[in-house]
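For reference, the structure is listed below as structure tokens.
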Amino acid sequence: MKIKKPQISKQIIGENVLYAFVFVSVYLIPILNSFMMAEEHVDFYNKVFLAWSIITPYLGLFLFNNYVLIPLLLNKGRAAWYVVAVAVVVTSVFAFIETLERYHIISDGYTDVGVLPHQATLSDLAWYWNIVLCIFMFAANVGIKKFYESMQKDEDNARLARENIEAEMYYLKYQINPHFLMNTLNNIHALIDIDADSAKRGLIELSDMMRHVVYESSADTIPLSADIKFIANYIELMRVRYAQKIDVRFTYPESIPSTLNIPPLVFIVFVENAFKHGVSRRHQSYIHIDITVDEEYVVAHFSNSVYPTNDLKKGIGLENVRRRLEHIYGTRHSLEIERNSESYCVTLKLPVTYET
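Throughout, the numbering used here is defined as the position within the sequence shown, counted from one, plus 2.
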């Protein structure tokens, strides 16, 4: 089994690039300053190396703070210990440097170029001012690190939210499959005692429809033309069961681009609900389905008759569709449901989306 190596986040890369840029720029300043002063040649020994020796203690302290103190203390909630460690480390380093300077161990070679002895880091600042400067550097380091950690946390939260949505979408989409199968099998079961031949044809229709549900609908989107064919097959199966008791009309554009896609198993939920709640065994019933396409939207309109005996409780399918559409489109779609004593109407508008 191949072990996947952990990836370094963009925030970590960006943070370290920023640090590298700052210190490289600081180290280049003595060289650039020589060019700006129009000097004949760069005096590396008396000027550049001297400047670098002033900078290097700060670089060492910065690296120790960034890669040791912050991860081991501050990031683990030990803020008080972090403050103590910073005070001890910074004071010890600059006290040690000042001791070396006091005894001319590291400063004698530079006195000819105007550098005063007994000043920490070979600069003209007193050692306590260098400590203050270093503390400001540490504070800036902590602020930058926390800023990038906040960015990383936001990215992780966004990724987790996307993964949760994808998992929920998977659950919602595939929860419809058994729901649809159960309803269709109930319809075929009702045909067995009425018309065995029609029940056999219904099983063939169901086989084709389930192939669509299991294979084609496993994708995030499917062609609108394929979904329309699926609905048409379902309607034909229902016609056999209800015979002349119901007026079913299904209209849709004759020509639909093959690249025009919609989420799978969305329209069929409203068609199922129309047959389930809009048909009376004693009265003439109707189900009208109309799908249109314009430049911006795919518009599906479902209307059916309503009778007092019909059970209009919300089912699994309708609630799933609502949540799926919210995940996919947010506010870019609209779903309107109107009901009165005689009819139940649904208008669904989905943004036109073409497969690239």
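Backbone N, C-alpha and C fix where the C-beta goes; we use that ideal spot for every residue, glycine too.
Nearest-angstrom Cβ-Cβ length linking residue i and residue j, presumed shorter than 8 angstroms
i, j, result
"Y346", "T261", "That belief does not hold up - the Cβ atoms of Y346 and T261 are roughly 33 angstroms apart, past 8 angstroms."
"F140", "V70", "Contact flag wrong, Cβ pair sits at about 12 angstroms."
"E344", "S307", "7 angstroms"
"V95", "L52", "With a Cβ gap of about 19 angstroms, V95 and L52 do not count as contacting."
"P353", "V295", "The Cβ separation is near 11 angstroms, so there is no contact."
"Y369", "E17", "This structure cannot settle anything about residue 369, because the visible part of the chain is limited to 3 through 358."
"L187", "E207", "Not quite, the Cβ-Cβ distance comes to about 12 angstroms (not below 8 angstroms), so this is no contact."
"V91", "F66", "7 angstroms"
Own chain partners of residue i with C-beta closer than 6 angstroms, once the 5 adjacent residues on each side are dropped
i, result
"V323", "V268, V271"
"A201", "I190, L193, I194"
"H303", "D292, T349"
"V19", "none"
"I230", "Y254"
"G111", "In this predicted model, G111 has a pLDDT of only 42, less than 50, meaning its place in the structure is not dependable; the value taken from the coordinates is given anyway. Closer than 6 angstroms at the Cβ level, and outside the excluded window around G111, lies no residue."
"R2", "Outside the displayed span of the chain (3 to 358) sits residue 2, for which this structure offers no information."
8 angstroms Cβ shell around residue i - same chain, five flanking residues per side excluded
i, result
"L61", "F25"
"A22", "none"
"S11", "Q154, E157"
"D1", "This structure cannot settle anything about residue 1, because the visible part of the chain is limited to 3 through 358."
Among the options, the one whose alpha carbon lies nearest that of residue i
i, options, result
"V145", "K278, S209, I72", "Residue identity check: residue 145 is Gly in the sequence provided, not Val. The option with the nearest alpha carbon to G145 is I72."
"H335", "R341, R326, N342", "R326"
"C136", "E298, I57, K148", "I57"
"K351", "Y299, I14, L320", "Y299"
"Q13", "I206, E157, E321", "E157"
"L301", "L226, K147, V134, N132", "Leu is not the amino acid found at residue 301; the sequence shown has Val there. Closest option to V301, Cα to Cα, is L226."
"P259", "K78, V19, I224, F277", "I224"
"L320", "A81, N68, F252, A276", "A276"
"E100", "L205, Y236, I133", "I133"
"V281", "F252, A160, R161, R241", "R241"
"I237", "D222, G204, S257, A221", "G204"
"N365", "A142, S55, R284", "Lying before the first or after the last residue shown, residue 365 is absent from the chain, which here runs from 3 to 358."
"N235", "F252, A221, D222", "F252"
"I15", "K147, E340, F138", "K147"
"A97", "K278, N159, W131, S305", "W131"
"R284", "Y309, K278, S305", "Y309"
Residues near residue i by beta carbon distance below 7 angstroms, same chain, minus five either side
i, result
"L75", "W83, Y84, A87"
"Y29", "W54, I57"
"E340", "C347"
"T93", "I133"
Beta strand (DSSP E) runs wholly inside the stretch 291-344, at least 3 long, in chain order: Every unbroken stretch of the beta strand (DSSP E) spanning 3 or more residues and falling wholly within the stretch 291-344 is given here in chain order: 299-307, 336-341.
At least 3 beta-carbon pairs within less than 8 angstroms: the stretch 287-294 vs the stretch 248-256: Flag = yes, the stretch 287-294 and the stretch 248-256 touch.
The stretch 321-340 / the stretch 259-274 touching (three or more Cβ pairs under 8 angstroms): In short, these stretches touch, since the Cβ pair count reaches three.
Complete runs of the alpha helix (DSSP H) confined to the stretch 221-281 [at least 4 residues]: 226-244, 269-279
Contiguous alpha helix (DSSP H) assignments of at least 4 residues, all confined to the stretch 51-103: 51-66
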